[in-house]
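Single-structure report; data block below.
Number of protein chains: 2
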Amino acid sequence: MEERTGRRPRIADVAREAGVSKTAVSFAFNRPSRLAPETAIRIRTVADSLGYRPDPVARMLTQRSTRTLGVLTPQALSVIFSNPFFGAFSEGVALAAEQEGFALDFISPLHGSLTRAIERAMVDGVVAIGVSAQHGEVEQLRVAGLPLVMVDSSALPDLPTIEVDDEAGAFAAAQHLLALGHRDILVVGIESTPGTPPEPDGVGGRRARGYRKALAGAGIELMRGAYVVAPSTIEGGMAALRRTWEDGLRPTGVLVMSDVMAIGVLRAARELGLRVPADLSVVGFDDIDISQHTHPPLTTVHQPIRLKGETAGRLVLAMIEGRDPRPASVRLDTRLIIRESTGPVARSAKRTDATCRPVRLQRTSGHPNPNPRGGQPTA
Amino acid sequence: MEERTGRRPRIADVAREAGVSKTAVSFAFNRPSRLAPETAIRIRTVADSLGYRPDPVARMLTQRSTRTLGVLTPQALSVIFSNPFFGAFSEGVALAAEQEGFALDFISPLHGSLTRAIERAMVDGVVAIGVSAQHGEVEQLRVAGLPLVMVDSSALPDLPTIEVDDEAGAFAAAQHLLALGHRDILVVGIESTPGTPPEPDGVGGRRARGYRKALAGAGIELMRGAYVVAPSTIEGGMAALRRTWEDGLRPTGVLVMSDVMAIGVLRAARELGLRVPADLSVVGFDDIDISQHTHPPLTTVHQPIRLKGETAGRLVLAMIEGRDPRPASVRLDTRLIIRESTGPVARSAKRTDATCRPVRLQRTSGHPNPNPRGGQPTA
DNA sequence: ATTCCGCGCTAAACCGGTTTGCTAAACCGG
DNA sequence: CCGGTTTAGCAAACCGGTTTAGCGCGGAAT
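Those protein sequences? They're chains A and B, same order as listed. Take any residue in the first sequence, count from 1 to its spot, add 679: that is its number in the numbering used here. Take any residue in the second sequence, count from 1 to its spot, add 679: that is its number in the numbering used here.
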């Protein structure tokens, strides 16, 4: 810790200082048994006193592997980390990675360019989540022969993919609402990222199909204004319900494509003076951790988020390690979890008409019963 | 995309195939202007057809920089990613990193060893969060001269540190409860990771000090059983309140050291048949995003989590880039946000005694009013 | 016609480690 | 005392790129 010069010491510096060869220094760190014990000690002492730390990059170069897994997402990290869905997914990937001693490196657009991010990524394999097939960037990786697993993507033919039965889940959600007598139903979809075209085969598209199928089975068709999209955030969900209400629609049930938005819907409902589920039933999607702790606990479509991440992680690790060179795609199940945010449609609220029609006559401006303590910081 | 052999092609392969030197290939990728346009095109075409992707590791080696920021945590990633606090913090770091075109690499124990993880970490600088000074691993980095910023750590003397005024925040929280007339107060602390000794100067210690100071100022001392610790999760919070109740304690106010746990307390309270805030006031800490959407919205101590991450990120980036070689530590403010989970102590609940004493006489077994629909999946 | 310049490209050195193959000395049993 | 094995350590090649210095050449300036 003594003579620290300007530059960081390299292996040659340690070698010179200790009066040995580079090889000896390398051995002192990696295979001490190949050195006389006291030599090894001496070298390490010198190294410590110089503040020497073997350069990991150089090391990885000779080893031709980084033991790092990439998690690729088309969204900015600064926008995604507090999304509970992404958090849980990452947990799953991390679990798989940790078991094999792999680190995690997040790959997301650098200065807006995913390509540039991919070029820099020092990883042995990649789990891509929410990347559409259109994103040509994926080709880059595939062609380069880097082990790659896609999650929640409109499947590329010959790429291992992990998905979830979104359509069946959505179908069950809608069925549930129908069984409770709801006919006036609002669907809240996930807004596709600006610049990205909506993907009929993407997650959103599949869920929409599930909803529609169930609704159509009951002879119901969504009317204009009864399908809204919003960013998948709490605020997005709140805005969606508020907007709908302001437009004069009065659904008795809401199908929301993500729990995060559903929580916003719950909140907005309370602020509109609606009781859930007495006045409004809400069904989410994902079953993130907090959903069982919302008020009321959220009825939602469960998907095994962590397992999805873990499975993807294991798959790509298997590819990296050479076992299982052509791994199959995996499709995981979803299932409806009925909690307390859904209930039978209220007597008074029942309408004769089977569709959710705009009822402009009874349109109200502003909130019927705005909560006076609206959650704004007061201090 | 044609003749793919077993191995991934190297720059030499492309050079040979295109009939040029390695240099030319390198230029084709990095400085095309130094080549005749058609040569550049030809080289890139050959490269594409071979599926060539320049090895990022080799590239970083010559550039002697990885343009990657490390986020160091002593906890396993698989346990931390769905912690909203960590998510928000990471968002902040990511924001700073993205602006400078840096990627993020998470450094956490590999096979239980943080040291090993640090050895592998190919980063230009590190933001360490929640790492105690005792963790000798930090020395490794400091000695190696790697830019390093500590967050929420018992400050090492000569290391730039970002912290938050935990003590003042906790003090304000306790004062608030006292002002509302609460005298029987429960404190829920964060359980230190097993194996780690509790740190009096750590975040938990500072918050505890703030609470105690306020309480002491009102002549109140916590009694045995009125200070419990739990893992900082929703379940941890639920368990803490339940356990307390089962022990026969009947606090009217709870000071919780994290919002995540506070959400658990809220939930457990409801299951115990307690109304919040009528029967029980709850104050959290952190002000994570969902806290304004809980039921009721949570009174809590706000700390600028994202800003903390962003500041730490900027600081370490400044160090990496050579500007600001000896950056100062930063202390950010906390402030109490009063929402709806706190209220005046109820008439009936008021006790004469000023301390939270175990009232074993009225001990109840089981839950007074167990919620029949206890949030378990029913489908 | 010579000089000079810039273009287009290359050979070789370099980044900071690891690994291979080898040598010299020490050891060892017969 | 000898041949053979082990031990300790070294020089050089290598990982896969980037970068520096420089070379041959054609055209413009002198």
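We put the CB at the ideal spot given by N, CA and C, even for glycine.
Give every residue of the same chain whose Cβ lies closer than 6 Å to the Cβ of residue i, excluding the five residues on either side of it in the sequence, and list them in chain order.
i: M917/B; result: G943, R946 and A947
i: A991/A; result: V806, V828, V830 and I841
i: P930/B; result: D863, I864, L865 and C1035
i: K1029/A; result: In this prediction, K1029/A scores a pLDDT of 44, lower than 50, which makes its location untrustworthy; the coordinate-derived value is nonetheless stated afterwards. Excluding positions up to five away in sequence, the list is empty.
i: A749/A; result: Just to set this straight, residue 749/A is Gly in the shown sequence, not Ala. These residues qualify, in order along the chain: D784, I786, A800, V802 and V805.
Checking contacts by CB at 8 Å: is residue i closer than that to chain B?
i: I969/A; result: yes
i: G766/A; result: yes
i: I722/A; result: no
i: V810/A; result: no
i: P716/A; result: no
i: P1056/A; result: The predicted model places P1056/A with a pLDDT of 40, which falls under 50 and marks its position as unreliable; any figure quoted below should be read in that light. So, interface residue.
i: D784/A; result: yes
i: G730/A; result: yes
i: D1032/A; result: Here the model assigns D1032/A a pLDDT of 42, short of 50, so the residue's position is not dependable, and the following value carries that caveat. It does not: the Cβ of D1032/A has no partner Cβ on chain B nearer than 8 Å.
i: F760/A; result: yes
i: A719/A; result: no
i: A1021/A; result: Just to set this straight, residue 1021/A is Thr in the shown sequence, not Ala. Taking Cβ atoms only, chain B never reaches closer than 8 Å to T1021/A, which makes this a no.
Go ahead and pull the three-state DSSP assignment for residue i.
i: H974/B; result: coil
i: R1010/B; result: strand
i: G884/A; result: helix
i: V699/A; result: coil
i: T979/A; result: strand
i: E842/A; result: strand
i: V725/B; result: helix
i: Y906/A; result: strand
i: M936/A; result: coil
i: S960/B; result: strand
i: V810/A; result: coil
i: G804/B; result: strand
i: A782/B; result: strand
Could you tell me if residue i is buried or exposed, where buried requires 16 or more neighbouring beta carbons within 10 angstroms of its beta carbon?
i: A1059/B; result: Residue numbering for chain B in the displayed model covers 680 to 1058; residue 1059/B lies beyond these limits and cannot be assessed.
i: T752/A; result: buried
i: I1016/B; result: buried
i: N762/A; result: buried
i: G815/A; result: exposed
i: T741/A; result: exposed
i: R886/A; result: buried
i: P826/B; result: buried
i: R993/A; result: buried
i: D845/A; result: buried
i: G1001/A; result: exposed
i: Q1041/B; result: With a pLDDT of only 35 at Q1041/B, under 50, the local geometry of the prediction cannot be trusted, and the value read off the model is given with reservation. Exposed: under 16 other Cβ atoms inside 10 Å.
i: P658/A; result: Only positions 680 to 1058 of chain A appear in this structure, which leaves residue 658/A out of reach.
i: Q813/A; result: exposed
Does residue i get closer than 8 Å to chain A when you measure Cβ to Cβ?
i: A893/B; result: no
i: S833/B; result: no
i: V693/B; result: no
i: L789/B; result: yes
i: I942/B; result: yes
i: I913/B; result: yes
i: L934/B; result: no
i: L859/B; result: no
i: D814/B; result: Residue identity check: residue 814/B is His in the sequence provided, not Asp. Chain A contact via Cβ: absent.
i: G824/B; result: yes
i: T745/B; result: yes
i: A773/B; result: yes
Whose C-beta lies closer than 7 Å to the C-beta of residue i among residues of the same chain, with five residues either side of it excluded?
i: D1032/A; result: The pLDDT assigned to D1032/A is 42, lower than 50, so where the model puts this residue is not dependable, and the model offers no usable value.
i: F765/A; result: I759
i: E779/A; result: L996
i: D725/A; result: As written in the sequence, residue 725/A is Val, which differs from the Asp given in the question. V693, E696 and A697.
i: R683/A; result: Interpretation of R683/A is limited by its pLDDT of 46, a score under 50 that renders its predicted location unreliable; no figure is taken from the coordinates.
Whole-angstrom Cβ separation of residue i and residue j, contact assumed at under 8 Å?
i: V962/A; j: A852/A; result: 5 Å
i: S833/B; j: G881/B; result: 6 Å
i: G884/A; j: F850/A; result: About 14 Å; that fails the 8 Å criterion.
i: A694/A; j: S700/A; result: 6 Å
i: S1020/B; j: V955/B; result: 5 Å
With a threshold of 8 Å on Cβ separation, who are the neighbours of residue i within its own chain once the five nearest residues in sequence on each side are excluded?
i: S811/B; result: P753, S832, S833, T875, E878 and G881
i: P1037/A; result: Below a pLDDT of 50, predicted positions are generally treated as unreliable, and P1037/A, at 40, falls in that range; the measurement from the model is reported next regardless. Hits under 8 Å: M902, R903, G904, D926, G927 and L928.
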